[in-house]
Amino acid sequence: MTKPYPAITPETEFFWTSGKEGKLCFQRCTACESFVHPPQPRCPACLAETLEIIAVSGRATVATYTVNMHQWHPDFPAPYTIAIVEIDDAPGVRLTTRIVNCDPAEVTFGMPVSAVFEQQGPAYLPLFEPVHS
Amino acid sequence: MDKFENSVRITGIGQSHIGRRLGRSPVGLAVDACLAAMEDAGLDRSEIDGLSSHPGPLTLDGYSGAGIADVERVLRVKPRWFNSGHEFSGQSGALVQAMMAVASGLARHVIVFRCTWESTAQQREAASRSEGSGSSAIAGEFQWSIPFGAFSAANWIGLYANLHMKRYGTTREQLGAIAINARANAAHNPSAIYRDPITMDDYLSARMISTPFGLYDCDVPCDGAVAFIVSAAETARDMRRPAVRVEAVGTRLVEPWTWDNGALDQLVLARGAAQSLWERTDLKPADVDVAELYDGFTFNCLSWLELLGFCPIGEGGRFVEGGRRIALDGELPLNTHGGQLSGGRLQGYTFLHEACVQLRGEGGGRQVSNAQVAVVSTGGGAPGGAILLARD
Chain A
1025 MTKPYPAITP ETEFFWTSGK EGKLCFQRCT ACESFVHPPQ PRCPACLAET LEIIAVSGRA
1085 TVATYTVNMH QWHPDFPAPY TIAIVEIDDA PGVRLTTRIV NCDPAEVTFG MPVSAVFEQQ
1145 GPAYLPLFEP VHS
Chain B
2 MDKFENSVRI TGIGQSHIGR RLGRSPVGLA VDACLAAMED AGLDRSEIDG LSSHPGPLTL
62 DGYSGAGIAD VERVLRVKPR WFNSGHEFSG QSGALVQAMM AVASGLARHV IVFRCTWEST
122 AQQREAASRS EGSGSSAIAG EFQWSIPFGA FSAANWIGLY ANLHMKRYGT TREQLGAIAI
182 NARANAAHNP SAIYRDPITM DDYLSARMIS TPFGLYDCDV PCDGAVAFIV SAAETARDMR
242 RPAVRVEAVG TRLVEPWTWD NGALDQLVLA RGAAQSLWER TDLKPADVDV AELYDGFTFN
302 CLSWLELLGF CPIGEGGRFV EGGRRIALDG ELPLNTHGGQ LSGGRLQGYT FLHEACVQLR
362 GEGGGRQVSN AQVAVVSTGG GAPGGAILLA RD
């Protein structure tokens, strides 16, 4: 049994594989500059079809989190912290992710974090670690 | 208001045996529930002309125990109209579909059913997992959560509950009041799975699943089925049992259909259903005599109380605190059958069933006195739905 990984499609390939080069990428509408995630064929804000793919800094903020205490999968030993993060330079974009390199007891609301990538199957998952100032 | 809800009634209700690891054919459970509902209404299969169900064909993970095809191969009602699916406003959306089919004249008596066999399926899956199998590629909306280790709705909804606690000061003891109330009510429900009372100490000392949820914040996977008969209003007076009237349905979807783009301190995809319910009726939350609100987790129920307007946003914890207000003899009796927390996860359908039981005055030891109006909610996360039912 292996870790689950996203089933990559032509539409999502850029998101799931850009982490190989250490980059976090999202769609952005060239007409209204809205960021779009998950990837869509048109911009939900203005319905333009012209969506470009751009790399962001990878900096984000913990919007909320939960410490998972139950082992659902043999390769995911508990405890670990699941969070929803808001991407600092992609307004409106959130990711559900895991906080790594941080004791679950140390995670806080509003904590600044930064993307690190972990290969899982064919995908490079954006996980987030605390920003050490 | 001239509305389609006026032209339909719920004329029959039925349940199969509900339990843990029954090891029974799930299609058999679904058919049991359908036959029980037909018997309750006094209809035979020649009079049934529609079938509706959530979420679709039988699945090996147990989420669905039977679809339309599975049941129709047995019942042979030869429906004039049928549908199933999961892109509905709540699991109860299949009931709304049936109401619209009857109101439009396409069908006269529709069976609506929901079957699950998660308890038996999980037992089998655990056995096959230990043999080294298991799928790994995740498609669709869950590709954004499961690969990261967010395997369970306990994780996805735990995220909202934690933020609610942070923002509004909600406590575990307040969530616990919902679990303890459900168990107290389940003692009066012979078909509930867990019927022994629990204390606040039991609740607080149970093992943690995903903060802030411990074991008793989570509902119980089970096997079982529930069915209803939706009939044209003009047929209701000829039926065996008192009919239940539909006052309003809430079906709107206002947020992006994902798990992480809502308010984050409420159940996602439920606000639209809650608000649109009250736009279809002159009744107000204060007119509700009994509330049967989805409790896949304690927090779902608390969030529905807020979204439906029984208390202001953020006040749900204080509303349920101590449990007096939500008890059987309280101001707003809540989940009178024990909910899914104690009764088993029938994906919202036992809430609908219980609302009908209460409005028919058949609740026995758990009957709320003079119950005239009941509100039901299903789901949230997966889109929510709300329905307001009334004694005919």
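From first to last, the protein sequence lines stand for chains A and B.
When we follow the working numbering, the leftmost residue of the first sequence carries the number 1025, and every step to the right adds one.
When we follow the working numbering, the leftmost residue of the second sequence carries the number 2, and every step to the right adds one.
Where is the CB? At the ideal position from N, CA and C, for every residue including glycine.
Where residue i meets chain A, residues with beta-carbon distance less than 9 Å
{"i": "B/A383", "result": "Those do not exist, as B/A383 stays about 15 Å from chain A at its closest Cβ, beyond 9 Å."}
{"i": "B/A140", "result": "P1030, A1031, T1033"}
{"i": "B/L205", "result": "Ordered by position in chain A, no residue passes the 9 Å Cβ test against B/L205, which lies about 14 Å from the chain."}
Beta-carbon proximity of residue i to residue j, cut-off 9 Å
{"i": "B/S105", "j": "B/G386", "result": "no"}
{"i": "B/M201", "j": "B/E235", "result": "no"}
{"i": "B/G51", "j": "B/A99", "result": "yes"}
{"i": "B/H87", "j": "B/E48", "result": "no"}
{"i": "B/G310", "j": "B/P286", "result": "yes"}
{"i": "B/L36", "j": "B/C223", "result": "no"}
{"i": "A/L1075", "j": "A/C1053", "result": "yes"}
{"i": "B/A275", "j": "A/I1106", "result": "no"}
{"i": "B/D261", "j": "B/W145", "result": "yes"}
{"i": "B/G68", "j": "B/S85", "result": "yes"}
{"i": "B/D405", "j": "B/D330", "result": "Because chain B in this structure spans residues 2 to 393, residue 405 of chain B falls outside the shown range and cannot be described."}
{"i": "B/R10", "j": "B/V227", "result": "no"}
Contact with chain A by residue i, beta-carbon distance below 9 Å
{"i": "B/D224", "result": "no"}
{"i": "B/N262", "result": "yes"}
{"i": "B/F300", "result": "no"}
{"i": "B/G63", "result": "no"}
{"i": "B/G150", "result": "yes"}
{"i": "B/L342", "result": "no"}
{"i": "B/S8", "result": "no"}
{"i": "B/P27", "result": "no"}
{"i": "B/L360", "result": "no"}
{"i": "B/S137", "result": "yes"}
{"i": "B/Y350", "result": "no"}
{"i": "B/G159", "result": "yes"}
{"i": "B/D266", "result": "yes"}
{"i": "B/T60", "result": "no"}
{"i": "B/F214", "result": "yes"}
{"i": "B/I314", "result": "no"}
Interface partners of residue i on chain B, CB under 7 Å
{"i": "A/G1046", "result": "Here the premise fails: no neighbours, minimum Cβ distance about 18 Å."}
{"i": "A/A1100", "result": "Reading off the sequence, residue 1100 of chain A comes out as Phe, not Ala. What A/F1100 touches in chain B: G150."}
{"i": "A/I1078", "result": "Neighbours of A/I1078 on chain B: none; closest Cβ ~20 Å, over 7 Å."}
Chain B within 9 Å of residue i, Cβ atoms only
{"i": "A/G1145", "result": "yes"}
{"i": "A/P1154", "result": "no"}
{"i": "A/F1059", "result": "no"}
{"i": "A/L1071", "result": "no"}
{"i": "A/T1085", "result": "no"}
{"i": "A/P1065", "result": "no"}
{"i": "A/L1075", "result": "no"}
{"i": "A/T1121", "result": "yes"}
{"i": "A/R1118", "result": "yes"}
{"i": "A/P1136", "result": "no"}
{"i": "A/F1141", "result": "no"}
{"i": "A/A1114", "result": "no"}
{"i": "A/T1041", "result": "no"}
Contact list for residue i against chain A, beta-carbon separation under 7 Å
{"i": "B/I210", "result": "M1093, H1094"}
{"i": "B/S153", "result": "W1096"}
Chain-ordered chain A contacts of residue i [CB-CB under 8 Å]
{"i": "B/Q144", "result": "P1030, A1031, T1036"}
Cross-chain neighbours of residue i in chain B, by beta carbon under 8 Å
{"i": "A/F1133", "result": "L164, K167"}
Presumed contact (8 Å Cβ cut-off) between residue i and residue j, rounded CB distance
{"i": "B/Q373", "j": "B/A391", "result": "6 Å"}
{"i": "B/G13", "j": "B/R242", "result": "7 Å"}
{"i": "B/T337", "j": "B/V291", "result": "6 Å"}
{"i": "A/N1092", "j": "A/A1102", "result": "6 Å"}
{"i": "A/T1036", "j": "A/P1063", "result": "6 Å"}
Residue i Cβ short of 8 Å to the ligand NAD heavy atom set
{"i": "A/M1093", "result": "Among the components modelled here there is no ligand, and therefore nothing to report on the ligand NAD."}
Per-residue contacts from residue i into chain B (C-beta, under 9 Å)
{"i": "A/I1111", "result": "Those do not exist, as A/I1111 stays about 12 Å from chain B at its closest Cβ, beyond 9 Å."}
{"i": "A/T1054", "result": "The premise fails here: A/T1054 is roughly 21 Å from chain B at the closest Cβ pair, so nothing lies under 9 Å."}
Within the chosen definition, does the stretch 1117-1134 of chain A reach the stretch 13-21 of chain B through at least 3 CB pairs nearer than 8 Å? no
I'd like to know if the stretch 347-360 of chain B and the stretch 202-215 of chain B are in contact, where contact means that at least 3 CB-CB pairs between them fall below 8 Å. no
Counting pairs of beta carbons, one from the stretch 258-277 of chain B and one from the stretch 365-384 of chain B, are three or more of them closer than 8 Å? yes
Inter-stretch contact at 8 Å, needing at least 3 Cβ pairs: the stretch 248-263 of chain B / the stretch 361-372 of chain B: no
Any chance the stretch 292-304 of chain B sits against the stretch 332-352 of chain B, with 3 or more Cβ pairs inside 8 Å? yes
Does the count of Cβ pairs from the stretch 30-37 of chain B and the stretch 182-196 of chain B closer than 8 Å reach three? no
Please determine if the stretch 1083-1090 of chain A and the stretch 109-123 of chain B are in contact, where contact requires at least 3 C-beta pairs separated by less than 8 Å. no
Pairing CB atoms from the stretch 1127-1138 of chain A with CB atoms from the stretch 56-75 of chain B, are three or more of them under 8 Å? no
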